[in-house]
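Asker: Sending over a structure as structure tokens; questions will come in a sec.
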Ligand SMILES: Nc1ncnc2c1ncn2[C@@H]1O[C@H](COP(=O)(O)OP(=O)(O)OP(=O)(O)O)[C@@H](O)[C@H]1O
Ligand SMILES: Nc1ncnc2c1ncn2[C@@H]1O[C@H](COP(=O)(O)OP(=O)(O)OP(=O)(O)O)[C@@H](O)[C@H]1O
Ligand SMILES: CC(C)C[C@H](N)C(=O)O
Ligand SMILES: [Mg+2]
Ligand SMILES: [Mg+2]
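Protein chains in written order, with the numbering used here: chain A, 7 to 329; chain B, 2 to 366; chain C, 59 to 294; chain D, 1084 to 1372; chain E, 173 to 551.
Dropping the structure here:
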């Protein structure tokens, strides 16, 4: 136990926690949106994120971006990777919806079934990168950790005076990127007409259709938006950690879902709050003790929060429970 | 129209006294799943030894049993092998966990095992069974060797030791810590599947070590090392045999330049054709513990040549075996371990993405 | 003919709720649909609005065959249902619920006018503008549902038991509103248990019995029909 | 009915209850009592606080101020299922059946409220009782076994529950669709099923929230009969209803709420003539169709 | 798949079964049970092809049967929680682990706890808590864990429970992995005791080689548990669970003590999970934390759902298929997880009600499907 380390490095740990939490938060959006509208835990969402990281690798490889490329290349490659990852993740999310959920919806299947097809889809996607593609294309696919070139090299941009905390370009990108995306999404859902449609379907699909909301479109939109956010998360993740792996989604997905619940599932701002909170708690606790208990910290915090606030920190919002 | 099948289970098999020589050897390990890449080469190595063998009137087959490295999946496999008398030896288990879970089954079945890579100390030191033998030293020695490398070769006086809290990494790091004594300044634990090591990095930063040791596998070592280098920490990084393999270089990329992997495995003897043969048969350089796999098979084959025709005879033969192998000269002590003086530890340096032998280390004792 | 449903068959699993009924509504009319519990009134409304598909038969609205259109597509054509049991969005505020009524509309100025009109009709809603709809009383929710339907500026407004759960004074008011919007040019199809009120305010009416139409006529005719009087008006 | 007291004594007392939701005062110092054996009507404009009053009486909400006493015992703050055990049952304004259970099963859940089999008792049939002669199995061996070892309480309760549930379905007049899923029943049947389910818990006080909503006049007529028969069985009835004909026709006394406050109380005649009630609620007299 | 099943259903087995005389039902049931006990020796072609040890690299048939039955016990327990009470428990592996670890920690001479007791009370090195005492300990530990987990969390709404229970499973695993002084950490505990029995030629009756004895033991326990679980289902308790699943608030107003019954469901589920874990750990004679990863929880849920949640026999079938098929098709090594995922999706889409749904669920589903289809008829 080393509380001194936590206190003395509080600034540093907070920055680390926010960085980690930003990624959780972005991925959490996908869970929260789908849950809000369909009351469904989309288990395949972690793999939507995973596909995004591979897409980044694919783009870098295709255009030959490596660490040490020129500035134009760095910006171009990063932007291209961002767009590609958003598209790929959104596409994957949509495909999951089509293949695993829509047929069930048409048949009016109970909620548990969606859970199982989601788990099935998740396994399939993991195996596609861990096994299927390896058989056809060989490396880098397979069950190994893969290096992604650090196109955007980590550099200290400025040092916060007083606390002497070095802030790097990648961290700025992650934190700012995550927050901007969240705000944009939040504004979209709460302000735009389509966003209102999303909330209406969340609360009462039948009546929503009587108001002229196309339910199928809304559901697709939700998967696409959630997927795109996971794509953004994927790019930011690779920028920070420079790796991917066939099963990389699992832990992040688990944490992101925890974050979504922590913040109040179905609530977009809740995802942000939950993600950041979880990231910070994990880092603080790991600083005091060590990282081998990380999941325990996360879940203990979850239980404690839910005991006092049964619907998460900010409560539910998209699909508020019927009173 | 109803027939019955012969599924072994007792009387069948080829072990008739002095008669024909028809046997099977089982190789058990994670042939699928995330860890397959550190197991398959050794099983391939065993197969190569069998292929190169001129068995005379003996026909021997090797059967591969996939356990995914999971003890629960390994037990039915072991029961099957132990119950089928046509198996005369087992190569494996590749991992310590599955070995721990199955060695009593093999003991009950009286079938000798030779493990090519299970290094956990307790397998032979705490509750040894007669049938278990291994061609690798146990982690205590490996840990000591790593510590020795750190102090003698690197000259480190402030080592930061990290492990992955798992059955392989933790005891290894424990042993390193023990041997280093005061030369270790701080210890930290991570978790399998972790990719963000920020808390560990900040601990390293404030500890200001002159070397870092990691006990764990490639999947976590790669991001850990990258983040260490990203944070501008340039001190030497050294890991155990869990990092041994081409995948390490691939996964860590440029950040891995100069990282050191310790392995109780000598570089393949230049004069032997093993490397070339292996490459020809499997289309790649011999990977982790390929030579040990080859040696394990060779011991069993020698036993058959020697006239061992049942498990008891084979067990007796293996226990008393001495001979030169590819990886080391082989003999087993009463616990089933190869004698310490036969083992050579090598430090391999990651240069340009591949592991190059750097220096041999002899642990103290 | 604004709306024409022909030989409609609707079933829930093995239960057939409508056995081939035909309903017509002319532009500008107020038509009511009466019948006992389980007669199929709500089912008829569902079929017309597109919440549920037909297994046989057709629906034509404003000259267009809408049988294969979804509810949201029909709404865009001006066919609007205020459903039985209200179906307000419980987690949205009163204002947001009304907003949803104008979901497909883009004419901002006219929308604002309609707000005022709805708040004028139901001052209670204005008082509770910010209340989350799920916490309102049954009758308040009913007002909201009707107000929301009006926000869609329907060509044909279908109301499924609009007076259910309302206090006597409000029932009176609801029927006045129906008359009023009808005079403003909206065609109306209404399902009512309050048959006396409904019939006296309707141009025409249909009587449904166990999934079949058993009677039709002008409101006044049916009001005088002895069998109708006995079964639905509670007058022996 | 487990205990039955004297007809006319105070059964439930709403003692100066106030209930606020944030700024909304749903009940404002409401004060009235329900007497054993009567049919009491609770009326008032929409949003007056009638359903809230029910919710406070059945443990869904806890009053902000004031007390609610049932048979002299304070019940505010007691859990809903405990309140049911004390003897209050209700129906819901928005029907809330167990949609995927059959009508019969719905009622059996109600019956279970009075049953005593525990989980352990169900598993191991430990609690044996000596059955009455007519509860013994028919066949010889089992009959003698039952005589010697008794029958588990669970078995007896199960049989009794089934029998009673069928009786109740017959009582409310929907026995013909006993085995259909509740969700597939027509609205009117669902309303009646809710009443049967509430009756199954053997309440001393049964509260009906707009039982006639969605009924046509003929059906309302039937319902009035049903409510009277419920009272004749010995239950006390509290009914919320907007249909004046029904309310005036069936109740013994009426309490009128407006904006959360009680504005009148009395016999149907008195209330119908009360100018405050007319102004707030009834409108012109001939509207009560 | 679905055609075959429909064809089978066409035979109206269920109907016939219900109308068959009691004697016939008993006879058939006894036959089925007898056949189940005979299974390890099944050796008549073509049926023998279901054996897992027929192909090269196969695994021991009786051991696989044992694992199947252990998972069936799990499925019966989880079916109470998910299928009957409608509580989504994604951390069931936690109870399974507790059962296995209880018997290891108290019954193995290699366990740090036993060793500490030995030295504290000066007991001999061979002393450990006897197996017979370990059983109630394991049951009690898992039951108490069920209550401890349930008490604060069962008040949460449906899906929150899923993530909290998932967390519970992880906490149990990580705790056992990290607490070296109690559970021997990541290395696990060897020498887990086995049920006592007469020794035959130098081996314990329940040994590692004669797996069929383990299978019979587990099977006998399973049959007893099924019998008890069915009693629960068709009782006041089963009805209460159903009512809670449908509308908890309405159930409360009807006098159903929701919390109490949910807690019971949790406790019963936990106990069965612990019991299954106990059997597993004892047969394995070794427990280690990695045997209890989250994925196993998902697998358990999949068993219950694929078979048809709410129906014990569905859950049994699910447990059988999901355990058996990967073992039977070992030769596909690395393709198995992929095939598994595809199969999960395909089966659920073709038969969303599960392979053998309970009659209630099937009926519910039929209705809803018609509705959904009609609602969608226009798209
Ligand atoms: N979702 C459903 N599933 C199955 N059957 C249904 C469903 N909805 C209605 N029904 C059945 O269809 C028939 C007609 O019901 P419908 O709701 O149209 O009647 P209604 O005339 O509106 O009655 P009410 O006056 O009670 O509202 C009834 O027998 C009812 O049981
Ligand atoms: N949970 C809540 N939060 C906020 N306000 C509430 C809540 N529940 C009820 N109210 C308000 O309290 C008032 C009384 O509601 P209640 O449901 O008791 O009315 P009611 O008399 O039953 O009316 P109706 O006849 O329309 O059903 C209403 O104005 C309602 O909006
Ligand atoms: C292949 C090796 C990394 C296995 C490791 N030495 C173990 O004992 O588990
Ligand atoms: Mg209706
Ligand atoms: Mg009300």
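Backbone N, C-alpha and C define an ideal beta-carbon position, used for all residues, glycine too.
(1) Looking at the unbroken alpha helix (DSSP H) that takes in residue 114 of chain C, where does it start and where does it end?
(2) Expressed to the nearest angstrom, what Euclidean distance is found between the alpha-carbon atoms of residue 1116 of chain D and residue 1348 of chain D?
(3) Note down, in chain order, every chain C residue with its Cβ under 8 Å from the Cβ of residue 5 of chain A.
(4) Beta carbon of residue 274 of chain E, beta carbon of residue 450 of chain E: below 8 Å?
(5) Taking only the alpha-carbon atoms, compute the straight-line gap between residue 19 of chain B and residue 91 of chain B and give it to the nearest angstrom.
(6) Please go through the same chain and pick out, in chain order, the residues whose beta-carbon is closer than 7 Å to the beta-carbon of residue 1128 of chain D, but skip the five residues on each side of it.
(7) What are the complete beta strand (DSSP E) segments, minimum 3 residues, inside the stretch 1295-1354 of chain D?
(8) Put residue 72 of chain B into one of helix, strand or coil per three-state DSSP.
(9) Output yes if chain A places a C-beta closer than 8 Å to the C-beta of residue 502 of chain E; else output no.
(10) Sorted by chain position, which residues of the same chain lie with C-beta nearer than 7 Å to residue 189 of chain B's C-beta, five sequence neighbours on each side aside?
(11) Tell whether a beta-carbon distance below 8 Å holds between residue 1249 of chain D and residue 1243 of chain D.
(12) Please indicate yes or no: does the CB of residue 1134 of chain D lie closer than 7 Å to some heavy atom of ligand 5?
(13) Taking any Cβ of chain D, which residues in the stretch 394-416 of chain E have a Cβ under 7 Å from it, in chain order?
(14) Three or more beta-carbon pairs under 8 Å between the stretch 38-54 of chain B and the stretch 196-206 of chain E, yes or no?
(15) For residue 68 of chain A, name the three-state secondary structure that DSSP assigns.
(16) What does residue 471 of chain E pair with, by DSSP beta-bridge criteria?
(17) Does the contact criterion of 3 or more C-beta pairs under 8 Å hold for the stretch 203-211 of chain C versus the stretch 165-184 of chain C?
(18) Within 10 angstroms of the Cβ of residue 1091 of chain D, are there 16 or more other Cβ atoms? Answer buried if so, exposed if not.
(19) Can you check whether the C-beta of residue 297 of chain A is within less than 8 Å of a C-beta belonging to chain B?
(20) Applying the criterion that 16 or more other CB atoms from any shown protein chain within 10 Å of the CB defines a buried residue, is residue 520 of chain E buried or exposed?
(21) Given 7 Å as the limit, tell me if residue 328 of chain B has its C-beta closer than that to any heavy atom belonging to ligand 3.
(22) List the residues of chain E that residue 1218 of chain D touches, going by C-beta distances under 9 Å, in chain order.
(23) DSSP three-state label for residue 59 of chain C, please.
(24) Hey, does residue 182 of chain C have any beta-carbon neighbour from chain D nearer than 8 Å?
(25) Give the interface partners of residue 316 of chain B over in chain E, defined as CB-CB distance under 9 Å, in chain order.
(26) Go through its chain and collect everything with a Cβ distance to residue 182 of chain B's Cβ below 8 Å, but skip five positions before and after it.
(27) Kindly indicate which three-state DSSP category residue 169 of chain B falls into: helix, strand or coil?
(28) Is it right to say residue 9 of chain A is buried, meaning 16 or more other beta carbons lie within 10 angstroms of its own, or is it exposed?
(29) Based on the DSSP secondary-structure assignment, which residues constitute the bridge partners of residue 347 of chain B?
(30) Leaving out the 5 sequence neighbours to the left and right, which residues in its chain are closer than 6 Å to residue 2 of chain B when beta-carbon positions are compared?
(31) Using only the heavy atoms of ligand 2, determine whether one of them is closer than 7 Å to the beta carbon of residue 193 of chain C.
(32) Sorted by chain position, which residues of the same chain lie with C-beta nearer than 7 Å to residue 1130 of chain D's C-beta, five sequence neighbours on each side aside?
(33) Considering just the uninterrupted stretch of the alpha helix (DSSP H) at residue 307 of chain A, what are its terminal residues?
(34) Suppose the cutoff is 6 Å on Cβ atoms and the five residues either side in sequence are ignored; what does the same chain contact list for residue 67 of chain B look like?
(35) Please name the residue, chosen from A:293, A:125, A:52, A:249, that lies closest to residue 152 of chain A on a Cα-to-Cα basis.
(36) Below 8 Å, how does it come out for the stretch 238-249 of chain B and the stretch 206-214 of chain B: are there three or more Cβ pairs, yes or no?
Answerer: Here's the rundown:
(1) Not the alpha helix (DSSP H): residue 114 of chain C falls in the beta strand (DSSP E), residues 114-119.
(2) 10 Å
(3) Within the shown structure, residues of chain A are numbered from 7 to 329, placing residue 5 of chain A beyond reach of any answer.
(4) yes
(5) Residue placement at residue 19 of chain B is flagged as unreliable, the pLDDT there being 48, under the threshold of 50; a coordinate-derived value is accordingly withheld.
(6) 1341, 1363, 1364
(7) 1319-1323, 1336-1341, 1344-1349
(8) helix
(9) no
(10) 163, 201, 204
(11) no
(12) yes
(13) 400, 403, 404, 407, 408, 409, 411, 412, 414, 415
(14) no
(15) helix
(16) None; residue 471 of chain E has no bridge partner.
(17) yes
(18) exposed
(19) yes
(20) buried
(21) no
(22) Correct list: empty, because the minimum Cβ distance to chain E is about 18 Å.
(23) coil
(24) yes
(25) What residue 316 of chain B touches in chain E: nothing, since even the nearest Cβ is about 16 Å away.
(26) none
(27) coil
(28) exposed
(29) B:264, B:361
(30) Low confidence applies to residue 2 of chain B: its pLDDT is 42, below 50, so where it sits in the model is not reliable enough to give any reading.
(31) yes
(32) none
(33) 300-314
(34) 32, 33
(35) A:249
(36) yes
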